[in-house]
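Take a look at the structure set out below.
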Amino acid sequence: MDFALNDDRRMLAETLERFLSDNYDIEKRHGFAMMDDGFSKQMWEKFAELGIIGALFDEKAGGFGGEGADLMVVFEALGRHLVVEPFLPTLMAGTILAGAGGQEALLEQVINGETAIALAHGEPSSRYELASVSSIAEQSGKEWIINGDKSVVLGGSAATQLVVSARTTGEADSENGISLFLVEATNGVTKRNYSTINGYGAAEIKLENASGILLGEVDQGYKLLERAYAAGIVAISAEALGAMHVATDLTVEYTRQRKQFGIPIGKFQALQHRMADMLIELEQMRSSVMNAAGNLDKDRLDREKEISACKHLVGTIGRQVAEEAIQIHGGMGMTWEYAVGHFAKHIIMIDHVLGDTDHHLERYIALGRNT
Amino acid sequence: MDLAYTDDEKSFRNTVREFLKEKLSSRLATKVKLGKRLTKQDMEEWHATLNEKGWLAVNWPEEYGGTGWSAVQKHIFDEECWAAGAPRTVPFGLNMLAPVLMKFGSDEQKAHYLPRILDGTDWWCQGYSEPGAGSDLASLRTSAVREGDHYVVNGQKTWTTLGQHADWIFCLVRTSSEGKRQEGISFLLIDMNAPGVTVRPIILIDGEHEVNEIFFDNVKVPVGNLVGEENKGWTYAKYLLTHERTGTANIGNSNAALEKLKAIALEQKKSGKPLSEDPYFAARMAKVEIDLKALKTTNLRILVDADNGAAAGPESSMLKVKGTIIRQELNDLARRALGPYALPFSSEAMEEGYNEEPIGPDYANAVAAKYFNNRKMSIYAGSNEIQREIITKTKLGL
Ligand SMILES: Cc1cc2nc3c(=O)[nH]c(=O)nc-3n(C[C@H](O)[C@H](O)[C@H](O)COP(=O)(O)OP(=O)(O)OC[C@H]3O[C@@H](n4cnc5c(N)ncnc54)[C@H](O)[C@@H]3O)c2cc1C
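These protein sequence lines are chains A and B, in that order.
First residue of the first sequence? That's 40 in my numbering, and the numbers climb one at a time after it.
First residue of the second sequence? That's 11 in my numbering, and the numbers climb one at a time after it.
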């Protein structure tokens, strides 16, 4: 076994970390989050130039990464700086485009930072159920006509091209009969853009006779979706890990500086043990993200169990780390001005992205029954 | 042992319910239930309604215009107000300053300030904490130096809740740096409009302006604004901490939050069925409900004992710790219940006049914001760590 990163990935990590340290402090981040679409287009282009978008995809898709370890390296760094640019939507929609094949030209534009894409899958009543799709697609000549509502589409505000899931046969919650389409976000597509509480651009999307191009095989979209979710969960979990690290570091550092009763509050055992627990859980988190990342390209069952295990822990460890970070800071942890609260917010809200801690616990148990 | 409410208590509950039905406007109740931003006018409106009925000063003795209610009556009133969606009364004048004035203030101070608290003339805020003095409050440095018939105050207070609305601030100030730190602190009433007082907002993580920094630059305060004796302020502040227990456990607040959570869990669907039927979620809800049931009884046991003259101990610390844990757990479950719809947030939608269609269900917008905002509960009014220290020292003798 070898837990170390290879040279390429170490360089990628260093490049990205250096760039973010120089260009992405919390003040700038708030500024980017306030821009139209909820991020900085200029930054996005810079990320493209540095090859960070390309690191999300394998060579077949025009990138030079795309393995679990690549995602882990990139997203952990993004999480350390609370980067608001749409990496997660790009990864997930792009993974589907790559998996379906035939979209090399679009992927090239995506990797160059020219075209913004997003995955429009969740619906108002689907909660976290991956197979719950009520939007309908019907074939009309060569094209497909899609109707339905898509909710909390991360990156949906900026995306000009959407990967949309819709039902072509079967019941509203059956895995079979889901198809995926590429939809241009113009005719028949109405967006209501907004920002999430942790500062990310998103949209509610209404499809009314929108026309789409079929991606992959008809009725067989579930597999592609599941693989994209797996990549997304590795990514967002690594991002949570990065944010948890910073939240913990800020907390420990704060307890060194902050004095009450004549001594640094870090000298109080009541706080020391809790910070020790935070460190223990962070190591658990890192291992679990590695388990998920390392199994991303393995057999479905092995992969999915690790994915759900990891996302379950993100919810539980994340809550512990975020709440302790605020609490141990006292009033300072509650302020907009001081960074730690923003890290805590992001960590907590990641529990609401791609399935929460209970969803993945239940799923983990269900997957175990299949072995 | 008889845990049932007496007939009198039951009929009292009905009277309270009828009053709320009649006098609490649906406008205010809706705002509270949807977690919208309350304006100063909203809070003043409810304050005036309660005062008109004589039910504002729940904890005051009758001689000062209070209700003279028993512990159980106060508990019932609190439960009913929260259940109906009444705004909470602002505690600083009513529940924090008033008891201190009644016990330690001069006759002139009582005659002047207490009626003005009731009729809403004076909005008070609490000036204890400073940048360097949070948990270690006795290290406070804002100084008051006597010069003839007034004090000259210099320094800074922080985290001052709703100080932006306040006419007056009651402050702990340093009047002596000799001897023990606690023995050089005085309790001073300061006019927020006096020259040299500056208020600066602090924005919290939910984006709201709820607390402030307050700066004092050579502010002249008449000596008549000193409460009790000079250098005895610490005793007065501590008196308040051990005697002010009603509301500490957050029972009414948590009750209302639990009901709201149940309503959300019934409406939110998981795989086509109400979330409340999901065994994972149902277990989480049941656990917090079980905790709350027990705390309700703990709370009443303590309050009834106090009514019967039991000495004040660390019980309020116990109520604070458990009460805030439960309230925060309810916030946590509410955000979980929403699933992905916990994510969208619109600050404009916190306003009363907002009439665009909500993103997701109409009750969703404020839920995650409230979860973050209520993290304050285990920090303020003596952090939960400090409460545990108090329990350890006073009850365990360690
Ligand atoms: C939203 C909000 C509203 C507030 N409103 C008011 C107000 O209106 N008026 C007012 O005067 N104040 C107010 N406060 C201030 C509040 O009382 C203080 O925040 C609180 O006393 C903690 O102080 P601190 O923030 O300086 O944290 P610190 O005292 O620096 O504490 C930081 C951490 O160290 C822990 N700690 C400190 N000492 C010990 C110890 N001995 N053992 C173990 N752990 C310890 C604390 O529990 C906390 O977790 C408010 C605070 C907030 C967040």
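Don't be surprised by glycine CBs; every beta carbon is placed ideally from N, CA and C.
Of the residues A/E376, A/I356 and A/T54, the one placed nearest A/S276, counting alpha carbons only: Here residue 276 of chain A is taken as the residue at index 237 of the first sequence, counted from 1. Here the closest residue by C-alpha is A/I356.
Taking just the CA atoms, how far does B/G78 sit from A/A242? Reading the first sequence from its first residue, position 203 is the one you call residue 242 of chain A. Reading the second sequence from its first residue, position 68 is the one you call residue 78 of chain B. When rounded, the distance between both Cα atoms is 54 angstroms.
Can you tell me the Cβ-Cβ gap for B/V110 and B/L250, rounded? I've got them flagged as a contact below 8 angstroms. As a first step, residue 110 of chain B must be located in the second sequence, where it is residue number 100. As a first step, residue 250 of chain B must be located in the second sequence, where it is residue number 240. Rounded, the Cβ-Cβ distance is 6 angstroms, consistent with contact.
In whole angstroms, what is the alpha-carbon distance linking B/L34 and B/E90? For the purposes of this step, residue 34 of chain B is taken as the residue at position 24 of the second sequence. For the purposes of this step, residue 90 of chain B is taken as the residue at position 80 of the second sequence. Between B/L34 and B/E90, the C-alpha separation is close to 12 angstroms.
Opposite A/E182 in the DSSP bridges: which residues? Within the first sequence, the letter at position 143 stands for residue 182 of chain A. Answer is A/S179.
Helix, strand or coil: which one does DSSP assign to B/H219? In the second sequence, residue 219 of chain B corresponds to position 209, counting from 1. B/H219: strand per DSSP, three-state reduction.
Take every Cβ of the stretch 113-133 of chain B, pair it with every Cβ of the stretch 231-249 of chain B, and state whether three or more of those distances are shorter than 8 angstroms. yes
Please give the ranges of any alpha helix (DSSP H) in the stretch 71-125 of chain A, keeping only runs that are unbroken, at least 4 residues long and fully inside the region. 80-88 and 107-119
Starting from B/I312 and walking both ways along the alpha helix (DSSP H), at which residues does that stretch end? Reading the second sequence from its first residue, position 302 is the one you call residue 312 of chain B. Element bounds for B/I312: P289 to D317.
Can you give me the C-alpha to C-alpha distance between A/A331 and A/E345, rounded to a whole angstrom? Position 292 of the first sequence holds residue 331 of chain A. Position 306 of the first sequence holds residue 345 of chain A. If you take the alpha carbons of A/A331 and A/E345, they lie about 5 angstroms apart.
Got a sec: does ligand 1 put a non-hydrogen atom nearer than 7 angstroms to the Cβ of A/G391? Position 352 of the first sequence, counted from the start, is the residue given in the question as residue 391 of chain A. Note that residue 391 of chain A is His in the sequence shown, not Gly. No, Cβ of A/H391 sits at least 7 angstroms from all heavy atoms of ligand 1.
Distance, Cα to Cα, B/I274 vs B/P350? The residue you call residue 274 of chain B lines up with position 264 of the second sequence. The residue you call residue 350 of chain B lines up with position 340 of the second sequence. Approximately 14 angstroms, taken between the alpha carbons.
Exposed unless 16 or more other CB atoms sit within 10 angstroms - verdict on B/L13: Translated into the one-based positions of the second sequence, residue 13 of chain B becomes position 3. Exposed, since its Cβ has fewer than 16 Cβ neighbours within 10 Å.
So which residues on chain A does B/K386 lean against when the C-beta distance must stay under 7 angstroms? Walking along the second sequence from the start, residue 386 of chain B turns up at place 376. In chain order: M373.
Beta-bridge partners of B/Q166, as assigned by DSSP: Along the second sequence, read from residue 1 onward, the residue named residue 166 of chain B stands at position 156. Per DSSP, B/F225.
What number of angstroms, rounded off, separates the C-alpha of B/I401 from the C-alpha of A/E363? Residue numbering aside, residue 401 of chain B sits at position 391 when the second sequence is read from its first letter. Residue numbering aside, residue 363 of chain A sits at position 324 when the first sequence is read from its first letter. Distance between the alpha carbons of B/I401 and A/E363 is about 21 angstroms.
What residue range does the alpha helix (DSSP H) around B/P125 cover? Residue numbering aside, residue 125 of chain B sits at position 115 when the second sequence is read from its first letter. From DSSP, the alpha helix (DSSP H) with B/P125 extends over D117 to L128.
Which word fits B/A321, buried or exposed, when buried means at least 16 other C-beta atoms lie within 10 angstroms of its C-beta? Indexing the second sequence from 1 puts residue 321 of chain B at position 311. So B/A321 counts as exposed.
What residues of chain B sit near A/T235, judged by a beta carbon separation below 7 angstroms? Locating residue 235 of chain A in the first sequence gives position 196, where the first residue counts as 1. For A/T235, the chain B residues whose C-beta falls within less than 7 angstroms of its own C-beta are L353, P354 and F355, listed in chain order.
Per DSSP, what kind of secondary structure is B/P350 in: helix, strand or coil? Position 340 of the second sequence, counted from the start, is the residue given in the question as residue 350 of chain B. Residue state, collapsed to three classes: helix.
Can you name, in chain order, every residue of its own chain whose Cβ lies under 6 angstroms from the Cβ of B/L348, other than the five neighbours on each side? In the second sequence, the residue the question calls residue 348 of chain B occupies position 338. Same-chain partners within the cutoff: A374 and V377.
For the beta strand (DSSP E) that contains A/Q142, what are its first and last residues? Sequence index remark: in the first sequence, residue 142 of chain A carries index 103 (1-based). Segment: none, A/Q142 is in no beta strand (DSSP E) and carries neither H nor E.
Curious, which full-length alpha helix (DSSP H) runs of at least 4 residues does the stretch 225-301 of chain A contain? 260-296
CB-CB under 6 angstroms to A/F382, same chain, minus the five flanking residues each way: which ones, in chain order? Numbered from its first residue, the first sequence carries residue 382 of chain A at position 343. A282, V285 and A286, listed in sequence order.
Are the beta-carbon atoms belonging to B/I261 and B/L305 less than 8 angstroms from one another? Here residue 261 of chain B refers to the residue found at position 251 when the second sequence is read from its first residue. Here residue 305 of chain B refers to the residue found at position 295 when the second sequence is read from its first residue. Result yes, Cβ atoms of B/I261 and B/L305 sit closer than 8 angstroms.
Given 7 angstroms as the limit, tell me if B/V331 has its C-beta closer than that to any heavy atom belonging to ligand 1. The residue given as residue 331 of chain B occupies position 321 in the second sequence. B/V331 Cβ: outside cutoff for every heavy atom of ligand 1.
Residues of the stretch 279-299 of chain B with Cβ closer than 9 angstroms to any Cβ of chain A, in chain order: K279, K280, S281, G282, L285, D288, P289, Y290, F291 and R294
Can you tell me which of the three DSSP states B/T208 falls into? Here residue 208 of chain B corresponds to residue number 198 of the second sequence, with the count starting at 1. Three-state result, B/T208: strand.
Can the beta-carbon of B/P354 be found closer than 8 angstroms to that of B/E277? Along the second sequence, read from residue 1 onward, the residue named residue 354 of chain B stands at position 344. Along the second sequence, read from residue 1 onward, the residue named residue 277 of chain B stands at position 267. Against a cut-off of 8 angstroms, the Cβ pair of B/E277 and B/P354 comes out as no contact.
Neighbouring residues, chain B, relative to A/D316 (Cβ below 9 angstroms): As a first step, residue 316 of chain A must be located in the first sequence, where it is residue number 277. What A/D316 touches in chain B: nothing, since even the nearest Cβ is about 15 angstroms away.
8 angstroms Cβ cutoff, A/L406 in contact with chain B: As a working note, residue 406 of chain A is residue 367 in the first sequence. Judged by the 8 angstroms Cβ criterion, A/L406 is not in contact with chain B.
Which residues does DSSP pair with B/G137 in a beta bridge? Translated into positions along the second sequence, residue 137 of chain B becomes position 127. Answer is B/C181.
Pairing CB atoms from the stretch 177-190 of chain B with CB atoms from the stretch 119-135 of chain B, are three or more of them under 8 angstroms? yes
Establish whether the CB of A/E143 and some CB of chain B are separated by less than 8 angstroms. Along the first sequence, read from residue 1 onward, the residue named residue 143 of chain A stands at position 104. No, its Cβ sits nowhere closer than 8 angstroms to a Cβ of chain B.
Would the C-beta of A/A364 count as close to ligand 1, meaning under 7 angstroms from any of its heavy atoms? Residue mapping note: residue 364 of chain A aligns to position 325 of the first sequence, counting from 1. No - ligand 1 has no heavy atom lying nearer than 7 angstroms to the Cβ of A/A364.
For A/R325, tell me which candidate among A/L169, A/D76, A/K350 and A/S171 has the shortest Cα-Cα distance. Walking along the first sequence from the start, residue 325 of chain A turns up at place 286. Nearest of A/L169, A/D76, A/K350 and A/S171 to A/R325, Cα basis: A/K350.
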